[in-house]
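In my numbering, the protein residues as written are 147 to 1239.
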């Protein structure tokens, strides 16, 4: 058969004949004319549903066998047939535009040596150099998917009526767009840029230009990038030069925006950097919200409120107490000053220099917000959503006094054992700020509810009156959405820009001599063979493979072939796809060919002499291959790319690894990988990097491919399958998790917060699509995010604030879903209450993210100084408020007693340490981990847990699944706690070190390690044998319990005194002095000395 495979409906690969409008919209979003909207809606807005690929046999390219040495089909400039893409424009072609990095923000100025409101031109987002023109930003010239053509859809299709310019839906018919505009505008709010109230998007004026410039070099925080990108964002309100208005066919309009009080780009005043932004006159309740529209006529219009007591809204006559909500409960919730009752344990003063045993015997729990018991039960789990302060200050001035950062730590897609999944034709959301209904809204009566973020009164839809769980009618407050702070909605077609994409996986593999010598291919192919049927997906799942050395090799796996075909492209300067239609194949239809390829791959390049690596061209080919659908690219690289686009040169000077001065080259050497990542993100493709290197590979440059495409990074230094069995085992375990964990495609995430709060900086792997919308081409359950916040308007009129994150994604089964988390916290007016609610682990993790940005934008020394200043300033502020304190003592509130210890641990971590030999790639990887790990895993990296395990007993055990698990107490990270007669387990998150003392009891060594004595224990032991002895069972039970608490299974490394890995173990003993760093006690004295200056 000579027929060419057709792309399934909705995923055509031809260029469209339309382009985004330009030039005929006003610069300011709320001045846009609505008359030009009609031509944005065509029949293609709701395309036909994605169907399974046709089972056509590809055009044969010859019966080339898989042996690379025998392959003579070298493709150069001309593709084998006209269906190739050699002469087509690159999918997702981009033109350059530069970032606009200007925002007014509240800086956390421990990193600026003062605590004041500042206007700053930010450092490049996510820690890149200040000359942001070096990184060009793509402005895609088509619609959201520029190379996808959608067929017209019949009126009776799965998405209902086809919209044309004659049948444009009335404003309000789209559930995911703002339905109401303010009275002074004529365009729906879905077309406006939505910025949370307080998100200051003013441009720097000429008078503040110098202040902006001065702050650039000092300010640790980078602000959200403002991008003139008419496709990826709604019109950005910080840009005054954009000539195009947004179309609804984008994710910003899809997920719904923020508050309707969008500020003018030119009229907002810029606060002076030297003036604190103290509490403003609070706006009356209901301020700035549009009049209720038809359908809301039965609602009492909001009226201005004069609060009778701070923190309590009384503007509504409540229907009855049987509809509990935030407002009814507020008098007994937060806002209660902790000073009026007995002093809480979190405020107990701790003398740090005298009390040497501050480490608790078990893991530090997250602080519980000071809410009443009903709201406490409803609140979001701290494992998903955590704030640095569980008592929110009323004003920015109070926050500045506390000298603590305000921010959120998110783990939005984590694995959950219980998750309410709601299938409903109506997803109830606030008409104004688009908040999803949640446990913290107020039901005024049976038919109306008040939003807990913007206080807008909304109608209760008729369908919401029925409770599917109780099968009762008339109790909307008992619906699962209002009883659970974490829920997942099955979304309708209104939440789609195109049909849900299939799961598509592409593996891009280094097969140079270096890679073959390392032996990773055997482990990878074996893992894929074992988990091929467990890859997340459905009947549409597709898979493909590309290998590369000095050339790029493709593999035709089209169903019907007797064996896979290798197709080699040697012209890496003009890469093209030799047979575009047969390189990504249906997993189920071509499974036998895929298995044949995986069995053959490890031996195909055994005798290769190719030492070069053309990674850049291979990635360009991968981008072309994935653009029509989107999906996940998994890149395996073992050396520095040396040929073609994106080639890199070694920048590391081994003699400078122990330098205490400047650490250079923490940023990328080229913008190639960032540009490629942004192109991929625009086509809903994420790039994951596995770096398995034995020498410097410039991870600072390579990591950009994952940072900006919402991918993830795995790093295996000194990887060798046989010489380094611990790393080989780690790769094997990581791959099992990586290949089988759930995945979300074409995702976006938005964080909303109570009116008066604003978000100004994001941390993690993503692309900021607009001021508050994160683009996540893929989202995985192991990814964490952080955000920095400021208080832009006084919160004196409320006793509670709420934060809500909404993650809209496509599941591997092709369902569009929305996962929503809502967190509620009390507002306080006293400084002591702020300290009482400090979450020290969240504070440290947020500071770690900020310090990474500072290291790259300024210098490592600046970041280290800023971390120390954070401790000095916060403890000095606390001590200045407490009475009867002697200057000779260093006092901290109980809530912050671990703050200096954790900061010292951070300073000794690979990311920030100086004076200790640290490979540049190791340092950069540690920084990448800081920016992308969830809090619970990041804390184990920063401050590992140490246990003595040679004397485990059945006392103080817990029972988990019929298994008895010992609970040994935590030990200080100091050599003074080690004894030659003992055995100690250190949990560093991704690795377990089991240190055996020279005089350890032989019975323990025999029962647990399976060897007769200490001398016979081998150097590279990574497994504990199953021995039928109580001590063996206890030890294995405890280690298994620790392993089960995390997604990536850590490897175990047994360490003896003469083991080279002993150095790694002892470097984690952070309370001890080293040649280049303080001991914990010396660090405390240094802090005290700086406070007393």
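Here a beta-carbon is modelled for each residue, glycine too, at the ideal position from N, C-alpha and C.
Straight across, the Cα-Cα distance linking residue 1192 with residue 593 is about 44 Å. Under the DSSP assignment, residue 876 falls in the alpha helix (DSSP H) whose first and last residues are 871 to 886. In the structure shown, residue 862 adopts coil according to DSSP, grouped into three states. Bounds of the alpha helix (DSSP H) holding residue 1083 are 1081 to 1088. Residue environment analysis places residue 956 among the buried positions, since at least 16 neighbouring C-beta atoms fall within 10 angstroms of its C-beta. Of the other Cβ atoms in all chains shown, 16 or more fall within 10 Å of the Cβ of residue 1180; this residue is therefore buried.
In this structure, the beta-carbon distance from residue 892 to residue 511 does not fall below 9 Å.
In the DSSP annotation of this structure, residue 668 is not part of any beta strand (DSSP E); the continuous alpha helix (DSSP H) holding it starts and ends at 666 to 677. Residue pairing from DSSP places residue 569 in a beta bridge opposite 636.
Around the CB of residue 1101, fewer than 16 other CB atoms lie within 10 Å, so the residue is classed as exposed. The shortest C-alpha to C-alpha distance from residue 1045 to any of 1024, 529 and 742 is the one to 1024.
Scanning the stretch 922 to 997 for uninterrupted alpha helix (DSSP H) segments of 4 residues or longer gives 977 to 982, listed from N- to C-terminal end.
For residue 793, the closest of 571, 818, 1111 and 590 by C-alpha to C-alpha distance is 818. Beta-bridge pairing by DSSP links residue 901 to no other residue.
For residue 1185 against residue 1150, the beta-carbon gap comes to about 14 Å, at or over 8 Å, which does not count as contact. If you draw a straight line from the Cα of residue 874 to the Cα of residue 525, it comes to about 42 Å.
Its Cα nearest to that of residue 505, the residue 1042 stands out among 1042, 827, 1065 and 952. Residue 552 holds the alpha-carbon nearest to the alpha-carbon of residue 971 among 500, 1158 and 552.
If you check the CB distance, residue 876 and residue 1136 come in under 9 Å. Assigned with DSSP and collapsed to three states, residue 1215 falls in coil, not helix or strand.
With respect to the 9 Å criterion, residue 683 and residue 653 are not classified as neighbours on the basis of their beta carbons. Across the set 569, 634 and 991, the C-alpha of 634 shows the shortest separation from the C-alpha of residue 951.
Measuring C-alpha to C-alpha distances from residue 1127 to each of 1189, 1178 and 1202 identifies 1202 as the nearest.
For residue 830, the closest alpha carbon among the candidates 959, 644 and 944 is that of 644. Taking the Cβ atoms as the reference, residue 944 lies roughly 48 Å from residue 680, outside the contact range of under 8 Å. In this structure, residue 1057 places its C-beta atom within 9 Å of the C-beta atom of residue 1076.
Cβ atoms of residue 589 and residue 948 stay farther apart than 8 Å, at about 16 Å.
Residue 537 holds the alpha-carbon nearest to the alpha-carbon of residue 973 among 1228, 537, 1034 and 666. Residue pairing by DSSP puts residue 893 in a beta bridge opposite 922. Taking 9 Å as the cut-off, the Cβ atoms of residue 1022 and residue 498 do not count as close. Approximately 5 Å separates the beta-carbon atoms of residue 913 and residue 854; this is inside 8 Å, confirming the contact. Residue 609 and residue 566 have their C-alpha atoms spaced approximately 18 Å apart.
The three-state secondary structure of residue 1185, taken from DSSP, is helix. In the DSSP assignment, residue 1235 falls within the unbroken alpha helix (DSSP H) covering 1226 to 1237. Each residue's CA atom was taken as its position, placing residue 905 and residue 1087 some 27 Å apart. Taking one beta carbon from each stretch, the stretch 599 to 616 and the stretch 981 to 1000 have fewer than 3 pairs nearer than 8 Å; the two do not touch.
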